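Asker:
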Amino acid sequence: MKRNELKRKLQRGEAVFGPFMNCSYPAFIEIVGLSGFDYAIVDMEHGPLGVETAEDMCRAAQGVGLDPIVRVRKNDAPQIQRALDIGSAGVQVPQIETVEQAQAAVRAAKYQPIGMRGISLFTRAGDYGALGLQGITDRLNEEQMLLIHIEGVRGLENLEEIVAVPHIDVVFLGPYDLSQSFGIPGQVNDPRVVQGMTDAVAKIRAAGKAAGTYANDAETAQRWIDVGIQYISLGVDVNIFATACQNLLASFKK
Numbered sequence: 527m528k529r530n531e532l533k534r535k536l537q538r539g540e541a542v543f544g545p546f547m548n549c550s551y552p553a554f555i556e557i558v559g560l561s562g563f564d565y566a567i568v569d570m571e572h573g574p575l576g577v578e579t580a581e582d583m584c585r586a587a588q589g590v591g592l593d594p595i596v597r598v599r600k601n602d603a604p605q606i607q608r609a610l611d612i613g614s615a616g617v618q619v620p621q622i623e624t625v626e627q628a629q630a631a632v633r634a635a636k637y638q639p640i641g642m643r644g645i646s647l648f649t650r651a652g653d654y655g656a657l658g659l660q661g662i663t664d665r666l667n668e669e670q671m672l673l674i675h676i677e678g679v680r681g682l683e684n685l686e687e688i689v690a691v692p693h694i695d696v697v698f699l700g701p702y703d704l705s706q707s708f709g710i711p712g713q714v715n716d717p718r719v720v721q722g723m724t725d726a727v728a729k730i731r732a733a734g735k736a737a738g739t740y741a742n743d744a745e746t747a748q749r750w751i752d753v754g755i756q757y758i759s760l761g762v763d764v765n766i767f768a769t770a771c772q773n774l775l776a777s778f779k780k
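Per this note's numbering: the sequence shown = residues 527 to 780.
1) Starting from LEU673, follow its DSSP beta bridges and name the residues at the other end.
2) In the structure shown, what three-state DSSP assignment does GLY655 receive?
3) Which complete alpha helix (DSSP H) runs does the stretch 718-770 hold, if anything under 4 residues is left out?
4) How is MET570 classed by DSSP in three states: helix, strand or coil?
5) Would you call HIS572 buried or exposed, if buried means 16 or more other Cβ atoms sit within 10 Å of its Cβ?
6) To the nearest angstrom, how far is the alpha carbon of ASP602 from that of ASN773?
7) Is it true that the CB of ASP763 sits closer than 7 Å to the CB of PHE554?
8) Alpha carbon to alpha carbon, how far is PRO574 from PRO552? Give it in angstroms, no decimals.
9) Given that a residue counts as buried once 16 or more other Cβ atoms are within 10 Å of its Cβ, and exposed if not, what is CYS584?
10) For GLU686 versus LYS729, is the C-beta spacing smaller than 7 Å?
11) Cutting at 6 Å between CB atoms, please list the residues of its own chain near ARG650, excluding the five before and the five after it.
12) Does the count of Cβ pairs from the stretch 530-550 and the stretch 662-680 closer than 8 Å reach three?
13) Less than 7 Å between the C-beta atoms of ILE595 and ILE674, yes or no?
14) Taking VAL598 and VAL619 to be in contact with their CB atoms under 8 Å, please state how far apart those CB atoms are, rounded to whole angstroms.
15) Could you pull out every residue in the same chain whose Cβ sits closer than 6 Å to the Cβ of GLY644, ignoring the five residues on either side in sequence?
16) Is it the case that the Cβ atoms of VAL513 and GLY559 are separated by a distance below 7 Å?
17) So if DSSP puts VAL542 in a beta bridge, which residue, or which two residues, is it bridged to?
18) Near ASP582, what residues of its chain come up, given a Cβ to Cβ distance below 6 Å and the 5 sequence neighbours on each side ignored?
19) Assign ILE595 to one of three DSSP states: helix, strand, or coil.
20) Could you check what DSSP says for TYR637 in three-state terms: helix, strand or coil?
21) Express the C-alpha separation of VAL727 and VAL697 in angstroms, rounding to a whole number.
22) With DSSP run on the structure shown, which of helix, strand or coil describes TYR551?
23) From which residue to which residue does the alpha helix (DSSP H) around PRO701 run?
24) Does the separation of the CB atoms of ASP593 and TYR565 fall below 7 Å?
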């Protein structure tokens, strides 16, 4: 398991950027790394990706110095374990609403003495056992990150308890799901969503954790950086490609 540069950047207070990856072709995530992004989120929740593909994408990302984060489909111990066993830099867990759910995610993501992650050290995360097993669980506990999503009003209401849970690196605020929870689907710039997220960032930062969110464009990303968010998920690979295609074609049609 390589040293997690993404984690160190966040600890230094830097803002970091990385798109969601729905495309299964590993070249796309290589291109993201070669373009200078800090990380990419291999999206197994909304993307059509299986674990074998996700492992190959992690391998491709790390080959160009990009830290891959794997988003699982739900807060489920076997899914969290597999997302980490394939050698990712961390796991991103959706739909956390209570302190109990946050604690369960920690138990699933960490080995003893912190959690109860299922143990097999002959995985990509454990270098297949080829480099020795001494101290490997402690090293993986330290290097692999846990990121959780707050995506609903209930999560916001319980946020102070949730952010007090140790061993969570990033609390990610999902603007689109939050807008749906407020009853205004897709209206991510509505004052209720913006104020709810702004208040949440203050609580997350006060607890000593990094805050994250999604942004479609640089203007939105900068607005949230100014509020105190460090972990910016900037765009989705397939939409980045679609927009590039539209812009390229439009430049000729002019």
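In this text, a Cβ means the ideal position worked out from N, Cα and C, and glycines have one as well.
Quick caveat: nothing in here was measured; it's all calculated off a predicted structure.
Answerer: So, to answer that:
1) The count along the sequence shown starts at 1 and reaches residue 673 at position 147. Answer by DSSP bridge pairing, in chain order: GLN618 and VAL696.
2) As a working note, residue 655 is residue 129 in the sequence shown. When DSSP states are grouped into helix, strand and coil, GLY655 belongs to the helix group.
3) Listed in chain order, the complete alpha helix (DSSP H) runs (minimum 4 residues) inside the stretch 718-770 are 744-753.
4) Residue mapping note: residue 570 aligns to position 44 of the sequence shown, counting from 1. Looking at MET570 - three-state DSSP - the assignment turns out to be coil, as it is neither helix nor strand.
5) In the sequence shown, residue 572 corresponds to position 46, counting from 1. Answer is exposed; the Cβ neighbour count stays below 16.
6) One-based indexing of the sequence shown puts residue 602 at position 76. One-based indexing of the sequence shown puts residue 773 at position 247. Computed Cα separation, rounded: 40 Å.
7) Locating residue 554 in the sequence shown gives position 28, counting from the first residue. Locating residue 763 in the sequence shown gives position 237, counting from the first residue. Between PHE554 and ASP763, the CB-CB gap stays under 7 Å.
8) The residue you call residue 552 lines up with position 26 of the sequence shown. The residue you call residue 574 lines up with position 48 of the sequence shown. C-alpha separation (whole angstroms): 14 Å.
9) As a working mapping, residue 584 is identified with position 58 in the sequence shown. Counting every other CB atom within 10 Å of its CB across the protein chains shown gives CYS584 a total of 16 or more, marking it as buried.
10) Position 160 of the sequence shown, counted from the start, is the residue given in the question as residue 686. Position 203 of the sequence shown, counted from the start, is the residue given in the question as residue 729. A contact, by the Cβ cut-off of 7 Å.
11) To locate residue 650, count along the sequence shown from 1; it is residue 124. Scanning its chain for C-beta atoms nearer than 6 Å, with the 5 sequence neighbours on each side dropped, one finds around ARG650 the residues ILE612 and GLY613, in chain order.
12) Yes: the two stretches touch, three or more of their Cβ pairs being nearer than 8 Å.
13) Sequence index remark: in the sequence shown, residue 595 carries index 69 (1-based). Sequence index remark: in the sequence shown, residue 674 carries index 148 (1-based). Cβ distance not < 7 Å, so ILE595 and ILE674 don't count as in contact.
14) For the purposes of this step, residue 598 is taken as residue 72 along the sequence shown, with counting starting at 1. For the purposes of this step, residue 619 is taken as residue 93 along the sequence shown, with counting starting at 1. Separation of the CB atoms of VAL598 and VAL619 is rounded to 6 Å, and the pair is thereby assigned contact status at 8 Å.
15) Within the sequence shown, the letter at position 118 stands for residue 644. Within the same chain, GLN607 come within 6 Å of GLY644 by CB-CB distance, once the 5 residues on both sides are set aside.
16) Missing from the structure shown is residue 513; the chain here goes from 527 to 780 and no further.
17) On the sequence shown, residue 542 is found 16 positions in, with the first residue counted as 1. Its beta-bridge partners are TYR757.
18) In the sequence shown, the residue the question calls residue 582 occupies position 56. Result list for ASP582: PRO552, in chain order.
19) In the sequence shown, the residue the question calls residue 595 occupies position 69. Note: ILE595 maps to strand in three-state DSSP.
20) Locating residue 637 in the sequence shown gives position 111, where the first residue counts as 1. In the three-state scheme derived from DSSP, where H, G and I count as helix and E and B as strand, TYR637 is classed as coil.
21) Position 171 of the sequence shown, counted from the start, is the residue given in the question as residue 697. Position 201 of the sequence shown, counted from the start, is the residue given in the question as residue 727. Here the C-alpha atom of VAL697 lies approximately 9 Å from the C-alpha atom of VAL727.
22) Here residue 551 corresponds to residue number 25 of the sequence shown, with the count starting at 1. Reduced to three states, the DSSP call for TYR551 is coil.
23) Stepping through the sequence shown from its first residue, residue 701 is reached at position 175. That run of the alpha helix (DSSP H) goes 701-707.
24) Residue mapping note: residue 593 aligns to position 67 of the sequence shown, counting from 1. Residue mapping note: residue 565 aligns to position 39 of the sequence shown, counting from 1. Yes. Within cutoff.
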